Structures are given as C-alpha cells and as structure tokens.
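S.K.: Numbering (numbering that gives the first Met the number 0), first residue to last: 0 to 376.
Beta carbons are placed, not taken as given, at the ideal position from N, Cα and C, and that holds for glycine.
These numbers were taken from a predicted model, which means no experiment stands behind them.
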Amino acid sequence: MHEGPKIIFLVCAGRTGSSFLHTLLDSHPEVLMLPMELSFYRMWDRLGCDQVKDAEEMVRRWTEQSKLAKLADNVNYGIDGSTNAYTSCDFPIFRDRFLCLLRETSLSRRDVFYAIHRAYADATGGDLSRYQVIIEFSAIYIDIGRAVEDFREPRFIQVVRDHRATYASIKQHFLNTRRGLFNLRGKTLEQKLSLIRIFNNFIRTINKLRAGFAALPADHVLYVKQEDLHLNLEPTMREVAGWLQIAYEPCLLHSTLAGHPWQGNSAFGKAVAGATPEVTRRWMTTLSPQEIRVIEYVFGDDMERFGYAYSAARRPSRWQVTCGGLIPFRGELAILGRSARHIALDIMKWPLRLGAYLMSRFYLLRIIADGKRFVNG
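Structure representation (structure tokens):
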C-alpha cells in the first residue's frame, strides 16, 4: 500500500473555492478521496492520537469523534446540509477494515492515514489497484512539514483566488453566522474582533503556505486559480489531470461527492455548483471602495505574485488606506437580523458593535503599518 498511489494534499488560504475542485476530482476512477474536508493533521492533534496506544482506541476516536463518523449516516455538506446527503460507504465494513489494517501495521500517522483511505476504498467497493492518487482535503489546516516527514515526495494543490473575493466570502460567512463582525462568545480578543481575526488568519495561512512550499521542488506544488475553474474549466482540468498523471475524463467537468451530484454552497445564499462566472466578479459589488483599497494594500505582494490586478492603476498608498480604513466597512455596523427578535437583539448589541469597531480600527491600523507581512518564497 505504501508504494501505491501518490499522496496529494488539497490546500487553500481561506474560502478560495477549493471545495469546488474537490468535487470535480471526486468521481475520477483513478482518484481516491474522502467526500469531506478531513484535515488529517489537524484532526490528529485534536484527537490526541500521539497518546493512543492501541488500535481499538485509535479507531474509536476517528470513527466517533472526527468527520469520519458521518460516513455512518450521511455526509452533510454544502449550502443545505439537511438535504445534501453524500455517502456510499458501508460503515461497518469501513470500521472493521480500519481496525484490521491498524493491527497489521502500526499507529503512526502514516499508517493511520493509509488505513483510513484503504478502509474507505474497501467499504465503497473500490479496487485499490486502480487508484493513481490519494487526495486529502486539508484546506487551511495542512502541516507541510509533517506531510513531508510521513510520505515520500507528497505533492500539493493550492487553490488560489483573488484576495478581494476571498476576503468578501470570509466576511460574508461571519455576517451570516454572527450577524456582524463582533463575536461576543469569543474567548480571546482576536476571536471577539472578527474583522481582525479574518485578516490575521488570512495572513498567517498565506505565510505558512509560502514558507512551506518554498522548501519543496517547484513541480511538487500546483497552483489552480479559482477564476480559471469558473471561466476556463476544461483547459484547467486538463492541466490538473496532466499534473496528477491521471487520464483526462469528462467527469472532471462535473461536481460530485462520493459520486452523488453536488448541490453546491456559497456564503452569499445562492448555491454555486459548477462553473459560474458570476462568482469571479461578486466582490466588486459586495465590498465598499475603502475595503477594496485596504485588501489591495495589505495583500498586494501576494496579489501581484498570482497576477491579480489592482482596481486602480497602482497599489494604494499607506496614507490612502489608513484614512479609508477608519470608515466602517460594509455590514460592520448594520442591523442584519431578519426576525423581530434578531433585530431587537442587534439593536441591543449595537453599542458593543461600536466598541468592537473602534478596537478593530486600532488593530487594523497596526496591520496596515506592518510592512513585513509576507515571508519570501
């Protein structure tokens, strides 16, 4: 098994549309992939797997406390989790094979990773010998260093997206789930100030990926632009297939999870399933002009790296974004509740939002003033 399929990690820096590529690769007969964002290394740490000493306990933690538990019923994924059901897995077979494989090997990260995927192949009627690649969807939670330790020449696909569009999607997600950019339940100041959390997480993930990939051979990393998936789907998927060294198949143009048609998801309410050119332009109407300038200034180095043009002739100046950044961003102080109860709660919390806005501006100005946000690579 260890000398079999190549190991590929699908990663991203925020809401870049990586789940779309995940669904396009799902039905390819030479690709073995779970119908979920497993984030293996993050889950390994969350489950405390380094302390587990027996196979039964390892299987119990993974099958009961990780997303793998959803294989027993339905993998709810997308804009409407109550109706999107994606599983073709015989869960008792999966669990039994997982345990059997760990008893035959070890409890190392490498062996647990292989056991999960081999057990899934067995439980879905797959023939392991036909797979050329195993793709693990790690999203932002990849640990490049440990992946290189665990596997011989692992490779990585990073889905990139216009930074303004990524920010717009992340922000809209917070507005949807918190009805604002302040989280009263946050345990730390950064968690409470959602706007600053967005910026800091975005910057940290970009830095992590750039630093990790800088140490790898260039041909071990493939960058796929989300815009290309929506505007030039077939040529882009032919390039992806060539890089993966798998045959190009028409199924690469259709979104599925576990072989079932994918209904799509979106932070903006309308499901996006399949190539949708509209999503590449949506940031232009959902962000305020001052937000756009701040994003272009803070992420300008990385935008230029991937060929994203500024909205004006040149990158905004620090003075421009400092002044513009003081203005409340779109939706930051708005009353977003739809029911009478939520509107009343939003009004009651408005003083807290105002305080969060003032505190956020202090930290946002610090981010703007920091000229060394990105590592070399």
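Check H253 in the structure and name its three-state DSSP category.
M.R.: coil
S.K.: Of the choices K186, I197, A274, N206, whose alpha-carbon is the least far from that of L20?
M.R.: A274
S.K.: Would you check if the segment 167-187 and the segment 48-68 touch, i.e. whether three or more CB-CB distances between them fall below 8 Å?
M.R.: Because the criterion of three Cβ pairs below 8 Å is not met, the segment 48-68 and the segment 167-187 do not touch.
S.K.: When we look at the beta-carbon of E226 and count the other beta-carbons within 10 Å, is it buried (16 or more) or exposed?
M.R.: buried
S.K.: For D79, which residues from the same chain have a beta carbon less than 6 Å from its beta carbon, with the 5 sequence-adjacent residues on both sides left out?
M.R.: Confidence in D79 is poor, its pLDDT being 46 and thus under 50, which makes the residue's placement too unreliable to answer from.
S.K.: Let me know the secondary structure DSSP gives A138 once reduced to three states.
M.R.: strand
S.K.: If you drop the 5 nearest sequence neighbours on each side, which residues of the same chain put their C-beta closer than 6 Å to that of G124?
M.R.: none
S.K.: Report the start-end ranges of each alpha helix (DSSP H) in the segment 142-193 that is 4 residues or longer and not cut off at the edges.
M.R.: 143-149, 162-177, 188-191
S.K.: My output table needs one value for I6: the three-state DSSP class, helix, strand or coil.
M.R.: DSSP places I6 in strand when its eight states are reduced to three.
S.K.: Just confirm the distance between the C-beta atoms of V223 and T235, as a whole number of angstroms; I'd bet it's less than 8 Å.
M.R.: Rounded, the Cβ-Cβ distance is 7 Å, consistent with contact.
S.K.: Can you round the beta-carbon distance between A114 and F97 to whole angstroms, since I take them to be within the 8 Å contact cut?
M.R.: 5 Å
S.K.: Quickly, what does DSSP pair H259 with across the bridge? List them, please.
M.R.: L256
S.K.: Please classify G77: does DSSP put it in a helix, a strand, or coil?
M.R.: Low confidence applies to G77: its pLDDT is 49, below 50, so where it sits in the model is not reliable, and the reading given next is rough at best. Reduced to three states, the DSSP call for G77 is coil.
S.K.: Quick one: give me the first and last residue of the alpha helix (DSSP H) that V58 is part of.
M.R.: Taken as a continuous stretch (DSSP letters only), the alpha helix (DSSP H) holding V58 covers 54-64.
S.K.: Among V147, C99, E303, G354, whose alpha-carbon lies nearest the alpha-carbon of L183?
M.R.: Distance check between L183 and each of V147, C99, E303, G354 places G354 closest, using alpha-carbon atoms only.
S.K.: Give the straight-line distance between the Cα atoms of R196 and H172, rounded to the nearest whole angstrom.
M.R.: 13 Å
S.K.: If contacts are defined as beta-carbon pairs under 8 Å, then H229 and P276 qualify, I think. What distance do you get, rounded to the angstrom?
M.R.: 5 Å
S.K.: Put L106 into one of helix, strand or coil per three-state DSSP.
M.R.: coil
S.K.: Find the nearest neighbour of H162 within the set C250, M35, R292, S105, judged by alpha-carbon distance.
M.R.: H162 has its Cα closest to that of R292, out of C250, M35, R292, S105.
S.K.: Where in the segment 6-56 do unbroken runs of the alpha helix (DSSP H), each at least 4 residues long, occur, reported from the N-terminal end onward?
M.R.: Residue ranges of uninterrupted alpha helix (DSSP H) with 4 or more members, entirely inside the segment 6-56 and ordered along the chain, are 17-24, 39-45.
S.K.: Would I92 pass as a contact of D126 if the rule is Cβ separation under 8 Å?
M.R.: no
S.K.: Have a look at G330, M358, R317, A333 and flag the residue whose alpha-carbon is nearest the alpha-carbon of I367.
M.R.: Nearest of G330, M358, R317, A333 to I367, Cα basis: R317.
S.K.: Pick helix, strand or coil for I326, following the three-state DSSP scheme.
M.R.: coil
S.K.: Going by Cα to Cα distance, which pick from L208, E331, L252 is closest to V25?
M.R.: Reading off the sequence shown, one finds Asp at residue 25, where the question assumed Val. Cα-wise, what sits closest to D25 is L252.
S.K.: Just to confirm my understanding: we take R41, look at its own chain, exclude 5 residues before and 5 after, and list those with CB closer than 6 Å. What are they?
M.R.: Y140
S.K.: Kindly list the residues whose CB is nearer than 7 Å to the CB of L100, restricted to its own chain and excluding five residues on each side of it in sequence; keep chain order.
M.R.: A114, R117, A118
S.K.: Tell me whether Q190 is buried or exposed, calling it buried when 16 or more other Cβ atoms sit within 10 Å of its Cβ.
M.R.: exposed
S.K.: Starting from the N-terminal side, write out each stretch of the alpha helix (DSSP H) that is 4 residues or longer and does not extend beyond the segment 275-310.
M.R.: 282-285, 288-297, 299-304
S.K.: Per DSSP, what kind of secondary structure is Y356 in: helix, strand or coil?
M.R.: helix
S.K.: Would you kindly work out how many angstroms separate the C-alpha atoms of R209 and P153, rounded to a whole number?
M.R.: The straight-line gap from Cα to Cα measures roughly 16 Å.
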